[in-house]
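**Student:**
Number of protein chains: 2
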Amino acid sequence: MIKVLKLNVREKEILLRSYFLSELPSATALKIVDHVTVASHEARDPIFKQGEKADYFYTVLTGFVRVFRLSKDGREADIGIYGPGETFAEGVMFNGGTHRFCAQTAEAVTLARYEVDKLKQFASQDPAIGIALMASLSRNLDQALECVADDRLHTAPQRVANFILQNCPENASSARFRLPFQKSLLAGKLGLAPEALSRAFSALKSAGVSVHGRIIEIGDVNALRNF
Amino acid sequence: MIKVLKLNVREKEILLRSYFLSELPSATALKIVDHVTVASHEARDPIFKQGEKADYFYTVLTGFVRVFRLSKDGREADIGIYGPGETFAEGVMFNGGTHRFCAQTAEAVTLARYEVDKLKQFASQDPAIGIALMASLSRNLDQALECVADDRLHTAPQRVANFILQNCPENASSARFRLPFQKSLLAGKLGLAPEALSRAFSALKSAGVSVHGRIIEIGDVNALRNF
DNA sequence: TGCCCTGTTTGATTTCGATCAACTCCAAAA
DNA sequence: TTTTGGAGTTGATCGAAATCAAACAGGGCA
């Protein structure tokens, strides 16, 4: 793992456009950015482990991060995949300062790190910062609840269909996009074994979905909606 | 549904001890309490429905509330059960003002209602209020993530065992407690059909758990931990 | 060009929990 | 006391996805 002390210009741009900081007036955002450190990780690097003391929370600058629970018997369950502009582990600011989950890079990743103590201090001085943090927490909370509901209500092909639809532009009748990460990562995100994801894609052929490597083509978006 | 305009003394006590308000200095908490309204609901009353405009979020004073997603084909998936002192739907302060889920009372319930606009205003003036809200969001986020992980890693009997353990005092070798709500509600909370919960309880007999109505007795807490 | 290595797919089997149906239990009402 | 209805249990069956195993594809590299 290599740490970079200063943000470069491009990274600063990404960060200012992230869900968290974009909520803030630019002067405030810049003040926070001044205290950010950058960490660059290799693929498959651990970022933190459950049980560890939590000194930072993070916004992804480039690449994808996998957050998961490790069970006693060594199995892993993903609870979230985070990409550029997304913030994760902000929860540690309020849960006793210990990570409850593990995080690992899926590929080469650069992260912006916020010091928990520093941000607490900022938040106690400027209400806007607290509000931006709340917006981020709230976003992640909604996603988590959505995930529980999706897991409990839908079959594997339906969940895959949902995921595909989230990546289609509204009001398009057909669409095509490229998966931003490995299929095995998507499988984990959807709570599936890789084999089940593969079979789900096959099942969606009948709904006009074709897959070539990471390219996904949707013939009839509306047909997919009521799969 | 009957609305009560003023909190009585006992309700005020409960509210001040809730997870949300107990984070605040008492002067601040009292100021917020002044703006709270109380709603009392019959059993099975809808509190709000997904898609509705969200004017309030809530803290439970007495009783239990079920929050769930309603699917297109009419099935329901619980995403949380909230009891006295717990706050739900705070997410609506930041997600566009629309409820993403349904909420319904499980029994007769009294709720404290916070007006979203009012609370936003308070939070923008006093950083401590934002921080208390964040603590509440963070608590609910952790619970949701925990739930995803639990669903994905554990079988029905294991999830039931986890639930039971959460209701046992630490360091006790044996324990006994009373379910605070119907078994069918617990089943939903754990993402199970009622039949599956029943069978899970039977499976736990071999681990020293016996169930009589709502009374649950655990012979050997440690045995249950590595079930 | 051929050979790994890794990620993905396909096939066969098993397991878990949903579903449907019948039955028990109990408490409240008549 | 009997009746009735809801909650919970038990049994039988079915289906979805995990698991295990093997084949397959494609990119990087010798």
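These protein sequences, in sequence, are chains F and B.
If you number the first sequence the way our numbering does, the last residue is 618 and the count never jumps.
If you number the second sequence the way our numbering does, the last residue is 618 and the count never jumps.
Cβ coordinates follow ideal geometry from the N, Cα and C atoms, glycine included.
Model, not experiment: these values are computed from the prediction.
What are the residues that DSSP puts in a beta bridge with Ile-606 of chain B?
**Tutor:** B:Arg-569, B:His-603
**Student:** Short check: CB of Thr-501 of chain B to CB of Glu-477 of chain B, under 8 Å?
**Tutor:** For Thr-501 of chain B and Glu-477 of chain B, no; Cβs fall outside 8 Å.
**Student:** In three-state DSSP terms, what is Glu-477 of chain B?
**Tutor:** coil
**Student:** Can you give me, in chain order, the residues of the segment 530-549 of chain B that have a beta carbon less than 7 Å from any beta carbon in chain F?
**Tutor:** Here the close residues are Asn-531, Leu-532, Asp-533, Ala-535, Leu-536, Cys-538, Val-539, Ala-540, Asp-542, Arg-543, Leu-544.
**Student:** Please list, in chain order, the residues of the segment 581-599 of chain B that have any C-beta partner in chain F closer than 8 Å.
**Tutor:** Residues passing the 8 Å Cβ filter: Gly-582.
**Student:** Using alpha carbons as the reference points, say which of F:Ala-430, F:Ser-431, F:Ile-405, F:Glu-433 lies closest to Ala-420 of chain F.
**Tutor:** F:Ile-405
**Student:** Do you know whose CA, among B:Lys-440, B:Ser-431, B:Lys-574, lies nearest Thr-489 of chain B's CA?
**Tutor:** B:Lys-440
**Student:** Mapping the DSSP letters down to three states, classify Glu-414 of chain B as helix, strand or coil.
**Tutor:** Three-state DSSP puts Glu-414 of chain B in a helix.
**Student:** How close, in whole Å, do the beta carbons of Ile-607 of chain B and Arg-567 of chain B come, if the pair is a contact with beta carbons under 8 Å?
**Tutor:** 7 Å
**Student:** Mind pulling the alpha helix (DSSP H) runs of 4 or more residues that sit fully within the segment 569-598 of chain F?
**Tutor:** Within the segment 569-598 of chain F, the complete alpha helix (DSSP H) runs of at least 4 residues are 574-580, 585-596.
**Student:** Which residues does DSSP list as the beta-bridge partners of Gly-471 of chain B?
**Tutor:** B:Val-458
**Student:** If you reduce the DSSP assignment to three classes, tell me which class Glu-402 of chain F lands in.
**Tutor:** Three-state result, Glu-402 of chain F: helix.
**Student:** Going by DSSP in three states, Phe-618 of chain F sits in which element: helix, strand or coil?
**Tutor:** coil
**Student:** What is the DSSP secondary structure of Val-427 of chain F, counted as helix, strand or coil?
**Tutor:** In the three-state DSSP reduction, Val-427 of chain F falls in the coil class, being neither helix nor strand.
**Student:** Applying a beta-carbon distance threshold of less than 8 Å, which residues of chain B neighbour Ser-409 of chain F?
**Tutor:** Within 8 Å Cβ-Cβ: nothing; Ser-409 of chain F doesn't reach chain B, min ~15 Å.
**Student:** Please report whether the beta-carbon of Ile-423 of chain B lies at a distance below 8 Å from any beta-carbon of chain F.
**Tutor:** no
**Student:** Hey, which unbroken runs of the alpha helix (DSSP H) at 4 residues or more fall wholly within the segment 506-531 of chain B?
**Tutor:** 507-516
**Student:** Whose C-alpha, out of F:Gly-487, F:Arg-616, F:Gly-471, is nearest the C-alpha of Lys-511 of chain F?
**Tutor:** F:Gly-487
**Student:** Report yes or no: do three or more beta-carbon pairs, one from the segment 461-468 of chain B and one from the segment 568-575 of chain B, lie closer than 8 Å?
**Tutor:** no
**Student:** So for Ala-384 of chain B, helix, strand or coil by DSSP?
**Tutor:** Residue 384 of chain B is absent from the structure shown; chain B starts at 392 and stops at 618.
**Student:** Which of the three DSSP states is assigned to Phe-554 of chain F in this structure?
**Tutor:** helix
**Student:** Considering Phe-485 of chain B, what are the terminal residues of the beta strand (DSSP E) in which it resides?
**Tutor:** Taken as a continuous stretch (DSSP letters only), Phe-485 of chain B belongs to no beta strand (DSSP E), as it is neither H nor E.
**Student:** Between Val-458 of chain F and Tyr-473 of chain F, which are expected to be in contact by the criterion C-beta below 8 Å, what is the C-beta distance as a whole number of angstroms?
**Tutor:** 7 Å
**Student:** Please check if any C-beta of chain F sits within less than 8 Å of the C-beta of Asn-613 of chain B.
**Tutor:** no
**Student:** Mind reading off the beta-carbon distance from Ala-591 of chain F to Pro-548 of chain F? Whole number of angstroms is fine, and I expect it under 8 Å.
**Tutor:** 4 Å
**Student:** What did DSSP end up calling Lys-397 of chain F once you bin it into helix, strand or coil?
**Tutor:** coil
**Student:** Would you say Leu-556 of chain B reaches chain F, if we count a Cβ-Cβ gap shorter than 8 Å as a contact?
**Tutor:** no
**Student:** Anyone know if the C-beta pair for Val-602 of chain B and Leu-581 of chain B falls short of 8 Å?
**Tutor:** no
**Student:** Got a sec? Which residues, its chain only, sit under 6 Å from Cys-493 of chain B by beta carbon, not counting five neighbours each side?
**Tutor:** Lys-440, Gln-441, Phe-459, Leu-461
**Student:** Relative to the C-alpha of Phe-448 of chain B, which residue among B:Asp-533, B:Ala-584, B:Ala-480 is closest?
**Tutor:** Answer by Cα proximity: B:Ala-480.
**Student:** By Cβ distance below 8 Å, which residues in the same chain neighbour Ala-584 of chain F in space, the five residues on each side in sequence not counted?
**Tutor:** Ala-578
**Student:** If you compare alpha carbons, which of F:Thr-546, F:Ala-519, F:His-426 is closest to Leu-588 of chain F?
**Tutor:** F:Thr-546
**Student:** If you compare alpha carbons, which of F:Ala-499, F:Phe-485, F:Arg-491 is closest to Pro-475 of chain F?
**Tutor:** F:Ala-499
**Student:** Using a Cβ cut-off of 7 Å, pull out every chain F residue sitting near Arg-491 of chain B, in sequence order please.
**Tutor:** What Arg-491 of chain B touches in chain F: Asp-533.
**Student:** Could you name the residues of the same chain whose beta carbon sits closer than 7 Å to that of Asp-542 of chain B, not counting the 5 residues immediately before and after it, in chain order?
**Tutor:** Taken in chain order, the residues that qualify are Gly-582.
**Student:** Closer than 7 Å between beta carbons: that is the criterion. Which residues of the segment 451-480 of chain B meet it against chain F?
**Tutor:** Arg-460, Ser-462, Arg-466, Ala-468, Ile-470
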